[in-house]
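First comes the structure, then the notes that go with it.
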Amino acid sequence: MSQAFSYSPDGKSYPLPAESDYLKEFERLEQEVSEQRARGREIVVVMGLGFVGAVMAAVVADSTDKKTGQAGKFVIGMQRPSTRSFWKIPMFNSGVSPVKAEDPEVDILIRRCVLERRNLTATFTYDALRLADVVVVDVQCDFLKQELGNCMSGKAEIAALEESMKIIGEKIEPKSLVLVETTVPPGTTEYIAYPIMKKAFAARGIESEPLLAHSYERVMPGRDYVKSIRDFWRVCSGINQESRQRVERFLSDVLNVEKFPLTVLDRPLESETAKIVENSFRATILAFMDEWSNFCEKNGVDLVKVIKAIKVRPTHNNMIFPGPGIGGYCLPKDGGLGVWAYRHLMGYEDDNFTITPEAININDTRALHAVHLIRDALRNMGKIVAASVVTVLGASYREDVGDTRYSGSELMIRKIAEMGGDVRVHDPYVEHWWEFEAQDTYPSVGASWARFFRNQEGLKNLRVNKDLRAVLGGSDAVVLAVRHAEYLDLDPDAVAKMIGSAAAIVDCFGILDDDRIRRFFELGCEVKGLGRGHIQRIKEEVRSRMISPVRVPGGSEEGVPDKEALGA
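Positions 13 to 580 (this note's numbering) are the ones given, in order, by the sequence shown.
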């Protein structure tokens, strides 16, 4: 049988463990745990070394006992040894973060805890669960949409979580605390995890109740990644009093609860609901703003100025510009988990949910409207998408991060490709755009947004360019898709020079002020913008100024271009 390998994003290959490796690995862990227990440390296993789990493991390991100032936890990060993910384990154990983040503290924490404090390690064996005092579950739970723009046809993908809970129930000590940190459909801890663990305990002859708790994270990718886990408010709950007390004590040990106190709820159903409502609220507000963005475009109103005027009022100072998509891992899907749970876990058949799914539908498809603006801007210049090079500035879902999950830019690019356009991408933070490069298997087989569009095969070859001058050269259209700092002060003359000719400029995030919009028109460009209905007035103003009346022989007047207005 041939050796199977796991490949890291930087191309390094790691052989998957053989059957004989499992016993050796467990013996290694047993030895380390024995030494750590002798030092009075609690053993914590974190299942899943993804975006949340890897950093959570480091935060727990880096915590110190409030009285002694010494490390109080020994943390084992556990990752399934698949071809897709096994590489994380040897990388982690070398002191290198498997998660690339803009926050430098991520790398510092993992390196310090693995190599210096030596109280953090990673493993591939589920038998690590047998050694745990606390298990933190950070296994992915997704919401798969069957149709674009129809949340109600979607379903929760919880098979991996169910399998994880079954394995946990089969291996942990009865008094181990199991903390579900994954964002899950409301009711998952009580209606799914608890029965699975209860049956597993019964099969082992264990009569005691499983100690199950839930606490959701509020991770925010960016330069404050670690702080969003360690130095931020948390909500937690447990299925019984002992579970609540244990989870409150554990989180108090590892998080900055002195400055950011815990909120302890009675039941996991309540804390699970809190996470879904929290994110659905934000998603719904953005969908609401999309309606008014469309209104502004059609009626000559600048949404940017409207928002600035409203934000003077303190009660409304968190209003944000909706942009071309909602993006990130949580907001695009979490409401769907709640809708699914209402029907499939609670058993209701009525149409209770209308606003939540409709907000998801609006957010999922509003990037398509940005493509309409690209199409119209090109048409005004006598071009079509199918014969044009469209350059998208920004691949990530939000400013100044490299996270591309559910990015609005992805949907734009897929639609442009469907219409026959050639696409280029620039992003200063994104190294690999796996949604395109590995679209047959990422985020999982059959789950790519490519399934909703035609003409997608060529996008496997799409690569993110770091050279702005090179990517802009010869573009027919340029899309300002993300508010990265590098794009906020782009000079129209410099952009036009890099492009080499006039082009269609589409602003998806209110980046361009009126002076720069005006200058693009003076340079012969066509400008469109989401929520920027006033752009037409600027265009008419520039055009009227560029045609200056002069006296011609015979006493009549004829319009000729004003050289100064043209920038000559």
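Cβ coordinates follow ideal geometry from the N, Cα and C atoms, glycine included.
Comparing C-alpha distances from R466 to each of L502, G432, P93, S408 shows the shortest one belongs to G432. Excluding its 5 nearest sequence neighbours in each direction, A144 has C-beta neighbours in its own chain below 8 Å: I55, V56, V57, I88, I184, E185, S188, listed in chain order. At least 8 Å separates the beta-carbon of M209 from that of G250. C-alpha of Q82 to C-alpha of S240: approximately 23 Å in a straight line. Counting C-beta atoms within 10 angstroms of its own C-beta, S513 has fewer than 16 neighbours from the protein chains shown and is therefore classed as exposed. DSSP places M431 outside both helix and strand once states are collapsed to three, so it counts as coil. Cα atoms of E202 and M177: separation of roughly 12 Å, rounded to the nearest angstrom. Judged by DSSP in its simplified three-state form, Y341 adopts coil rather than helix or strand.
Nearest Cα to C163 within the set L61, R123, L281, L343: L343.
Secondary structure of Y26 (DSSP, three-state): strand. The Cβ neighbour count for R40, taken over all protein chains shown within 10 Å, is under 16; the residue is labelled exposed. Residue pairing by DSSP leaves N252 without any beta bridge partner. Secondary structure note for K100: its alpha helix (DSSP H) is the uninterrupted segment 100-105. Comparing alpha-carbon positions, the option among F38, T95, A379 lying closest to F521 turns out to be A379. For I367, the enclosing alpha helix (DSSP H) begins and ends at 367-392.
In the DSSP assignment, A66 falls within the unbroken alpha helix (DSSP H) covering 65-74. Residue burial is scored here from C-beta neighbours: E447 has at least 16 other C-beta atoms within 10 angstroms and is therefore classed as buried. Shown here for I550: same chain residues with a beta carbon closer than 7 Å to its own, the five before and five after excluded, namely D526, I529, R530, F533 in chain order. Between I386 and A516 the beta-carbon gap is near 7 Å, inside 8 Å, which marks them as a contact. Annotation: G350 to P197 spans about 5 Å, alpha carbon to alpha carbon. Less than 8 Å divides the Cβ of T200 from the Cβ of E284.
Distance from the CA atom of R96 to the CA atom of K509, rounded to whole angstroms, is 43 Å. Separation of C537 and L500 (C-alpha to C-alpha, rounded to the nearest whole angstrom) is 19 Å. Residue range 547-558 is occupied by the alpha helix (DSSP H) that includes S556. Cβ-Cβ distances below 6 Å link M424 to A379, A382, V383 in the same chain, with the five nearest sequence neighbours on each side left out; the list follows chain order.
The C-alpha of V147 lies about 11 Å from the C-alpha of V259.
Ranked by Cα distance from G335, the first of G52, N375, T275, V126 is N375.
Of the candidates F136, P110, N105, L141, the residue whose Cα lies closest to the Cα of V126 is N105. Looking only at T137, K24, R51, A30, the smallest Cα-Cα distance to P110 is reached by K24. By the neighbour-count criterion, in which a residue is buried when 16 or more other Cβ atoms sit within 10 angstroms of its Cβ, P504 is buried. Between V442 and T195, the alpha-carbon positions lie close to 25 Å from each other.
Taking G84 as reference, the option from Q158, R129, A212 with the minimal CA-CA separation is R129.
By the Cβ-count criterion, S18 is buried, with 16 or more other Cβ atoms from all chains shown falling within 10 Å of its own Cβ.
Residue pairing of D519 in beta bridges, as defined by DSSP: L492, G541. If you draw a 10 Å sphere on the C-beta of G347, you find 16 or more other C-beta atoms in it, and that means buried. Excluding five sequence positions before and after N364, the CB atoms of its chain that fall closer than 8 Å to its own CB belong to Y354, given in chain order.
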